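Peer 1: Each residue of the sequence shown is one higher than the last, beginning at 1 in my numbering. We treat Cβ as the ideally placed atom computed from N, Cα and C, and that holds for glycine. Keep in mind that this is a model prediction, so the values were computed, not measured.
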Amino acid sequence: MSTIQPIEYVAVKGFASIKDVKLTLAPDVTVLIGANGAGKSNIIRSFELMAHIMKSRLQNYVLARGGMNNLLHVGPQGRDSALSLNVQFSPNDADTSNGYIARLRSTDEDSAFLEEWLTFHDRKKYAAPYDSPLPAGTETALEKLSGKEQRFAEYVRPLLAGIRVFHFDEVGSQAPPKTFSSVADNLSLHPDAGNIAAYLLRLKAELPDDYFEIVSAIRNVAPFFDDFVLVPEGASQDNVRLRWAQKNLDTVFNAAQLSDGTLRFICLATLLLAPDRPQCIVLDEPELGLHPHAIVQLAALLRKAAHAGRQCVVATQSALLLDEFSVHNVAVLTRNNGESQVVSPSEEQLEAFLSDYTLGEMWRMNLLGGNLRYEEAL
């Protein structure tokens, strides 16, 4: 079993709007800000791509997005020939670190051909890391190794598998959290919270303290909320749906009778307070539909997850959410001539403003960068 190491940085090349970006992550919470179209969502999608590679679902991911060529960066010089993802983890107490590199290029059928490397760096002995190439193919080779590469993979694979991207933005009548889920599908929360009822049912039965911590967090945002009503249904009682009770009422409500913001917050609280929350939690604009008080509570949940040793990456447009964090948590996405770029604000450079303005105010004043800029025609 590997020692938990946070991600030190993620380098992305040739992916969508990203020509060449290195994103250094805070060990606790990284908040990505920037104008519309700057590339925040593409950073999130790069984590999503990594997660699909780790699950041997690369070809499904590529097919669902219209083929490999649709993923490649297109700039003034044309389409890039390949994209690469480089994830490097922070050094441990022995000053050694591990990493993983994936390079994808298009085949004649517009599917993906995957090349992989494991990296190891003993910083006390060597100036540069050692890169070990893996067998190339259509899916990851991490599960098929032997010898020295297998030992490296056994260390790195759990770290990479801990990267999970969640989207709770779908709240229509057929939104995943509103539908039935199998009672047995309860081991971990799905990326779209489609099994949230089954997952909460297990927590209530096996880990009641964790369950009631989630309920308490929801009550902080929705004081009318009393508890979930999680009752298996069907002839075999093998399905369950999200239902809930309101304080001082006997009526049982279904998830469709929650506001969009309340339902999203329920999903977020369940994820961020779950005892088995992923090692690296990635969220794209989680503040959508949330009341200002709920956004402040969301920030508290992110900090709590970080305090429990998890790493969170959040893309946001919310100045209020930004206000809840420090300069070291912020990464600013900008767009220059069609290419996404990352700038990390310096606390020293902003020292004169920090006593008078919040981070959200400084962002609106363009002191952090990341606001709209015009691009000249070529």
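So, helix, strand or coil for GLN297, using DSSP?
Peer 2: The residue you call residue 297 lines up with position 297 of the sequence shown. Of the three classes helix, strand and coil, the one that applies to GLN297 here is helix, per DSSP.
Peer 1: Does the segment 217-237 come into contact with the segment 263-273, if we say contact requires no fewer than three beta-carbon pairs (one atom in each stretch) closer than 8 Å?
Peer 2: The answer is yes - the segment 263-273 touches the segment 217-237, with three or more Cβ pairs under 8 Å.
Peer 1: Would you kindly check if the distance between the Cβ of PRO177 and the Cβ of ALA255 is under 8 Å?
Peer 2: Translated into the one-based positions of the sequence shown, residue 255 becomes position 255. Translated into the one-based positions of the sequence shown, residue 177 becomes position 177. The answer is yes: Cβ separation under 8 Å.
Peer 1: What residue from VAL332, LEU320 and VAL342 has the CA that sits closest to TYR357's CA?
Peer 2: Position 357 of the sequence shown, counting from 1, holds the residue named residue 357. Of the listed residues, the one whose Cα sits closest to TYR357 is LEU320.
Peer 1: Taking the alpha-carbon of SER17 as reference, which of ASP80, LYS304, GLY369 and GLN174 has the nearest alpha-carbon?
Peer 2: Indexing the sequence shown from 1 puts residue 17 at position 17. Among ASP80, LYS304, GLY369 and GLN174, the Cα nearest to that of SER17 is on ASP80.
Peer 1: Short of 6 Å in beta carbon distance, which residues of its chain neighbour ALA377, apart from the five on each side in sequence? Order them along the chain.
Peer 2: Counting from one through the sequence shown, the residue named residue 377 turns up at place 377. The pLDDT assigned to ALA377 is 49, lower than 50, so where the model puts this residue is not dependable; a value taken from the coordinates is nonetheless given after this. Counting only Cβ-Cβ distances below 6 Å, and skipping sequence neighbours, we find nothing.
Peer 1: Pull up the distance between the alpha-carbon of SER173 and that of GLU213, whole angstroms please.
Peer 2: Taking the first residue of the sequence shown as position 1, residue 173 is located at position 173. Taking the first residue of the sequence shown as position 1, residue 213 is located at position 213. Taking the straight line joining both Cα atoms gives about 28 Å.
Peer 1: Check this for me: beta carbons of GLY369 and VAL343, under 8 Å apart or not?
Peer 2: Sequence index remark: in the sequence shown, residue 369 carries index 369 (1-based). Sequence index remark: in the sequence shown, residue 343 carries index 343 (1-based). Against a cut-off of 8 Å, the Cβ pair of VAL343 and GLY369 comes out as a contact.
Peer 1: Rounding to the nearest angstrom, what Cα-Cα distance links GLY360 and ASN239 in this structure?
Peer 2: For the purposes of this step, residue 360 is taken as the residue at position 360 of the sequence shown. For the purposes of this step, residue 239 is taken as the residue at position 239 of the sequence shown. Cα to Cα, the separation comes out at about 44 Å.
Peer 1: Return helix, strand or coil for ARG277, following the three-state DSSP convention.
Peer 2: One-based indexing of the sequence shown puts residue 277 at position 277. In this structure, ARG277 counts as coil in the three-state DSSP scheme.
Peer 1: Go through its chain and collect everything with a Cβ distance to PHE103's Cβ below 7 Å, but skip five positions before and after it.
Peer 2: Taking the sequence shown and counting its residues from 1, the one referred to as residue 103 is at position 103. One point to set straight first is that residue 103 is Arg, not Phe, in the sequence displayed. So the list reads ALA82, SER84 and GLU115, once near-sequence residues are dropped.
Peer 1: Starting from the N-terminal side, write out each stretch of the beta strand (DSSP E) that is 3 residues or longer and does not extend beyond the segment 211-239.
Peer 2: Entirely contained in the segment 211-239, the beta strand (DSSP E) runs reaching 3 residues are, in chain order, 225-228.
Peer 1: Around the Cβ of MET1, are there at least 16 other Cβ atoms within 10 angstroms (buried) or fewer (exposed)?
Peer 2: Counting from one through the sequence shown, the residue named residue 1 turns up at place 1. Bear in mind that a pLDDT of 38 at MET1, under 50, signals an unreliable position, so the model cannot answer this.
Peer 1: Compare the C-alpha of VAL314 against each of LYS19, ALA94 and GLY39 and name the closest.
Peer 2: In the sequence shown, counting from the first residue as 1, residue 314 sits at position 314. Taking only the C-alpha atoms, the option nearest VAL314 is GLY39.
Peer 1: So the beta strand (DSSP E) LEU32 belongs to, where does it begin and stop?
Peer 2: Position 32 of the sequence shown, counting from 1, holds the residue named residue 32. Residues 29-34.
Peer 1: Smallest Cα separation from PHE325: which of GLN297, PRO76 and PRO158?
Peer 2: Taking the sequence shown and counting its residues from 1, the one referred to as residue 325 is at position 325. Nearest option by C-alpha distance: GLN297.
Peer 1: Report yes if the C-beta distance between PRO191 and ARG164 is below 8 Å; otherwise report no.
Peer 2: By 1-based counting over the sequence shown, the position of residue 191 is 191. By 1-based counting over the sequence shown, the position of residue 164 is 164. It is a contact, given that the beta carbons lie within the stated cut-off.
Peer 1: Using beta-carbon positions only, say whether GLN121 and SER90 come within less than 8 Å of one another.
Peer 2: Counting from one through the sequence shown, the residue named residue 121 turns up at place 121. Counting from one through the sequence shown, the residue named residue 90 turns up at place 90. For clarity, residue 121 is His in the given sequence; the question names Gln instead. Not in contact: HIS121 and SER90 (Cβ atoms no closer than 8 Å).
Peer 1: Nearest CA to the CA of LEU63: which residue from ALA112, PHE47 and GLY37?
Peer 2: Position 63 of the sequence shown holds residue 63. Here the closest residue by C-alpha is ALA112.
Peer 1: Please name the residue or residues paired with ILE101 in a DSSP beta bridge.
Peer 2: By one-based count along the sequence shown, residue 101 stands at place 101. According to DSSP, which records beta bridges pairwise, ILE101 is partnered with ASN86 and TRP117.
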